[in-house]
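What follows is one structure encoded as structure tokens, with my remarks underneath.
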Amino acid sequence: MSFVDANTHVRGESLYLDDLPVVTGTLYACVYSSPVAHGRIRSLDYTEALDTPGVVRVITAADITGENQIGGIVPDEPLLAAETVDFWGMPIALVIAETDEIARAAVHKIKADIDPLPVITDPREAYAQGHLIVPSRTFRLGEAEVAFADCDFVIDGRADSGGQEHLYLETHGAYAIPLENGHIKLYSSTQGPTAVQRTVARVLGVPMHQIEVDVTRLGGGFGGKEDQANGWAALVALATLLLRRPVKYILHRMEDLRMSGKRHPYSSDFRIGLTKDLKIKAYQVTFYQNAGASADLSPAVMERTLFHANNTYFIPNLTATAYSCRTNLPSNTAFRGFGGPQAMFVIESAIAKAAEVLGVPASDIQRVNLLQEGDEFHYGQRAEGCEALHCWTDAVARFNLAQLRQEADEFNACNSLYKKGLAIMPICFGISFTKKWMNQAGALVHIYTDGSVGVSTGAVEMGQGVNMKMMQVAAQCLSVSLERIKLETTNTTRVANTSPSAASATSDLNGKALQLACHALTERLVAVARIRLGVREEQSVRLQNEQVWVADQPTELTWSQLIWEAYQQRVSLTEQAHYATPAIHFDLVTEKGHPFAYHVYGTAIIGVTLDCLRGTYVFDYVNVSHDFGKSMNTLVDRGQAEGAIVQGIGWMTLEDLQYNTAGKLLSNALSTYKIPDIYAVPKEIDVHFLDTPGSDYAIMRSKAVGEPPLMYGIGAYFALRNAIRAYAPNTELPFSAPLTPEKVLLALYPEFARTLAPQPAGKT
Ligand code: LUZ
Ligand code: MOS
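So, in structure tokens, the structure goes:
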């Protein structure tokens, strides 16, 4: 199976935002951003910047022609700071100049006089002071509070997980081009063209039809461009509206790192209750989400955290409460998994702690609590087509868990400075946007008179291979070869009112819409063929391999001839279709319903070798049995799984966002923020495509694949933890991710850690 973008990617010919030919007269923008994390703006002095030769204008909040507001779920996010600044890196002004270099140099000449206000970076502190983004929510099944009394073991703990920089290869950016009558065409590196269109229209104070958004592809999104591409687009569009010239802004890496939001760090408290036979009888969890300075998508992320509080276990008594806490950090946002991984880290920590207290392997607890068909989730839905046990037993047998365990034990028995650790990570992830209304998509198909086909959908290609899958859907439905199909750019004038490409649901939603459009076209073409061939009513007619078949026999009539015939018969060769996922609903009062079209399951076994002298480690293998359903493209799906696993491992073991107490990002470059490189990738990643039936709601029964495998990375944390335990059985090991080499080393040598403890002021 080929990959549609392979040739242009390899040749460097694929077009990203910064590759588009620049229009004559283009100006360049650069943001002046807040040098403090919280404060009141007393004055802003940009005269020197404005006097710089080549600078055309400096734009501030006062210049905004519409609303100074880009908040989606909650209107709490100004595009440009007007009175207060709420995080280090918050945009305050926009310099517009004849060249990129001039704009960037002029930014340094701007001075703001800002009265400092107290800075909060910790979500628990924000909570204690009552700074919540939205009211808290609680999901409940049974009565955990009561059930703890009947448990043989009750264990309390705390788990913290860090944020994560998206580090899409292509930074944020946008390019606005003025058309006639104040209309603007925008190129944006966004997962959500409609969100950009809507936000820009709001900021400019114009109707949405005045704004056209076009996206060819992104150099990665990972959630970072679900909501946060909007601001940059609004800034350049505003400049274009004011100056009537094209304006372009591509963020430098350090600007992007400083100004854009990341995965939400969480701090959580848990209580888990088990019976003697290791059944989890009760679980209580409280999540403190570090939302950053504004809501952005945080309330939706918090909701998915609540949905995934149980990971893949049936827990009859569960209470999960979440707080979205406002802090003075860049507004945290969607990131692959969308709050789900954070919840799963907490339940896995609770199980790990229970296992330690009870003196059993964590896998014994995991295994006996796996969801089974018909089990109720705490949000009311029941597990249907549940593959939890299937994935687990397949992984355990296929990869010979007993032998892997024995190898690790033997290795540990005869090595003192290297230790092996092993963990199992089963996952369950719900597929659908948790906002019901977002589960819709559109497609537009043109068949041209030569039989070639142009396909537009709301899907944004960001390296995940959705264009390839859309081509496959169209080719299959129309019974033509892939070469006939062209995927058009994603454009708001061709497919309107789209949901962002997110939630692992892009292929399902857009693919289903595309199927509907192609089926309607096929029906019309069959009718054309009947007339042309004079087929009797009782005889069946269908298209197969670019040929018309009558009564299961191929005829002479080819696809190309049929299309020309349809045109001659004045039959429309264009179709638009809309798809909305059926069967999903959720009641926000009872917090019960059927929010997900289906769930994706899987189990990973992860092994690590730890160098106990250096604190460094190598992941030896990640062995996975995964529920892909009927994969429509194993190459694309394997790529998604492998990439997600490595990204998950990065989140759990390497990527360490450091802010100082003043709220300044210290890990603000790739020298100080480490993402997995080729050396950090596991030596072996073996992803087995389990034979599972898929779902009616999955495109061609090929289950959603974008996010679920990321959560296998959580197993890397626990494998590493077990390796540390093998060296230092009694060391204190808080559940705190990422478990970086530094933290590992300090855990291995607690006496050394004590000498490094912060000294009283004045003693350094
Ligand atoms: N985005 C969103 C998402 O708006 N809603 C969701 O439920 C979601 N889930 C995963 C990733 N992005
Ligand atoms: Mo996403 S976290 O599916 O944009």
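Taking the numbering used here, the leading residue of the sequence shown gets 10, the next gets one more, and so forth.
We put the CB at the ideal spot given by N, CA and C, even for glycine.
Lys271: CB within 7 Å of a non-hydrogen atom of the ligand LUZ: Not one heavy atom of the ligand LUZ sits closer than 7 Å to the Cβ of Lys271.
What's the C-alpha gap between Val224 and Ala238? Each residue's alpha carbon lies about 12 Å from the other.
Quick check on DSSP: helix, strand or coil for Ile684? Here Ile684 sits in coil by DSSP.
Nearest-angstrom Cα distance between Gly439 and Leu679? Going by C-alpha positions, Gly439 is about 33 Å away from Leu679.
Per DSSP, what kind of secondary structure is Val609 in: helix, strand or coil? In this structure, Val609 counts as strand in the three-state DSSP scheme.
Do Met447 and the ligand LUZ come close, with the Cβ less than 7 Å from some heavy atom? At a cut-off of 7 Å, the beta-carbon of Met447 counts as near the ligand LUZ: some heavy atom of the ligand is closer than that.
Quick one: is the Cβ of Leu306 within less than 7 Å of any heavy atom of the ligand LUZ? Remark: the shortest separation between the CB of Leu306 and any heavy atom of the ligand LUZ falls under 7 Å.
Our contact map puts Ala242 next to Thr180 with C-beta atoms below 8 Å; I'd like the distance itself, whole angstroms only. So it is not a contact: roughly 14 Å between Cβ atoms.
Going by DSSP, name the residue or residues bridged to Ala617. In the sequence as displayed, the identity of residue 617 is Val instead of Ala. The beta-bridge partner set that DSSP reports for Val617 consists of Gly430, Phe628.
Along the chain, which unbroken stretches of the beta strand (DSSP E) at least 3 residues long are found entirely within the stretch 534-610? Complete beta strand (DSSP E) runs here, min 3: 550-553, 556-559, 562-567, 583-589, 594-596, 601-603.
Is it the case that the stretch 333-340 contacts the stretch 302-320, given that we only count it when at least three CB pairs across the two stretches are under 8 Å? With the cut-off at 8 Å, the stretch 302-320 and the stretch 333-340 touch.
Please report the straight-line C-alpha distance between Val617 and Thr321, rounded to a whole angstrom. Val617 and Thr321: Cα-Cα distance of roughly 23 Å.
Report the partner residues of Asn299 according to the DSSP bridge assignment. Beta-bridge partners assigned by DSSP to Asn299: Cys334.
For His399, report the span of its alpha helix (DSSP H) as first-last. Secondary structure note for His399: its alpha helix (DSSP H) is the uninterrupted segment 397-407.
Taking Pro691 as the reference, give the member of Thr662, Glu716, Tyr668 with the closest Cα. Among Thr662, Glu716, Tyr668, the Cα nearest to that of Pro691 belongs to Thr662.
Arg391 burial status per 10 Å Cβ neighbour count (16 or more: buried): The residue is exposed, with fewer than 16 neighbouring Cβ atoms inside 10 Å.
Out of Phe605, Arg133, Ala505, Gln415, point me to the one whose CA is closest to His587's CA. Closest in alpha carbon position to His587, among Phe605, Arg133, Ala505, Gln415, is Ala505.
Counting along the chain, where does the alpha helix (DSSP H) carrying Ile723 start and finish? DSSP places Ile723 in the uninterrupted alpha helix (DSSP H) bounded by 722-736.
Near Ile324, which residues of its chain fall below 6 Å by C-beta distance, leaving aside the five closest residues on each side in sequence? Ile289, Tyr292.
Of the residues Leu699, Ala653, Cys527, Gly214, which one's Cα is nearest the Cα of Ala397? Out of Leu699, Ala653, Cys527, Gly214, Leu699 has the C-alpha closest to the C-alpha of Ala397.
beta-carbon Glu235 near the ligand LUZ non-hydrogen atom, thresh 7 Å: Because some heavy atom of the ligand LUZ lies under 7 Å away, the Cβ of Glu235 counts as near it: yes.
Looking at the structure shown, is Lys444 part of a helix, part of a strand, or coil, going by DSSP? Correct three-state label for Lys444: coil.
Are the beta-carbon atoms belonging to Asn421 and Ala737 less than 8 Å from one another? No, Cβ-Cβ distance for Asn421 and Ala737 is not below 8 Å.
Assign Ile259 to one of three DSSP states: helix, strand, or coil. Strand, per DSSP.
May I ask you to report which of helix, strand or coil DSSP gives Leu523? When DSSP states are grouped into helix, strand and coil, Leu523 belongs to the helix group.
Less than 8 Å separating the beta-carbons of Val489 and Val462? Cβ atoms of Val489 and Val462: closer than 8 Å.
If you draw a straight line from the alpha carbon of Leu88 to that of Leu742, how long is it in whole angstroms? Looking at the two C-alpha atoms, the distance is approximately 42 Å.
Where do the ends of the alpha helix (DSSP H) carrying Thr56 lie? Going by DSSP, Thr56 is part of the alpha helix (DSSP H) stretching over 56-60.
Have a look at Lys774 and Asp109 and give me their C-alpha separation to the nearest angstrom. The chain is shown only over 10 to 773; residue 774 falls outside these bounds and no answer can be derived.
Three-pair Cβ contact test at 8 Å for the stretch 467-480 versus the stretch 533-545: The answer is no - the stretch 533-545 does not touch the stretch 467-480, with fewer than three Cβ pairs under 8 Å.
Glu312 to Asp373, Cα distance in whole Å? Near 29 Å, if we compare the C-alpha coordinates of Asp373 and Glu312.
Stretch-stretch touch, CB-based, cutoff 8 Å, three pairs: the stretch 259-266 with the stretch 172-188: Contact holds: three or more Cβ-Cβ distances are below 8 Å.
Between the alpha carbons of Gly771 and Ala713, how many angstroms are there, rounded? Bear in mind that the predicted position of Gly771 carries a pLDDT of just 48, short of 50, making it unreliable; the figure below should be weighed with that in mind. Spanning the two alpha carbons is a distance of roughly 55 Å.
Helix, strand or coil for Ile79, going by three-state DSSP, please let me know. In the structure shown, Ile79 sits in coil (DSSP, three-state: anything other than H, G, I, E or B).
Contact check, Thr443 vs Ala309 under 8 Å by CB: the rounded distance? Rounded, the Cβ-Cβ distance is 6 Å, consistent with contact.
What whole-angstrom Cβ distance do Gly166 and Phe279 have, given they're in contact under 8 Å? So it is a contact: roughly 5 Å between Cβ atoms.
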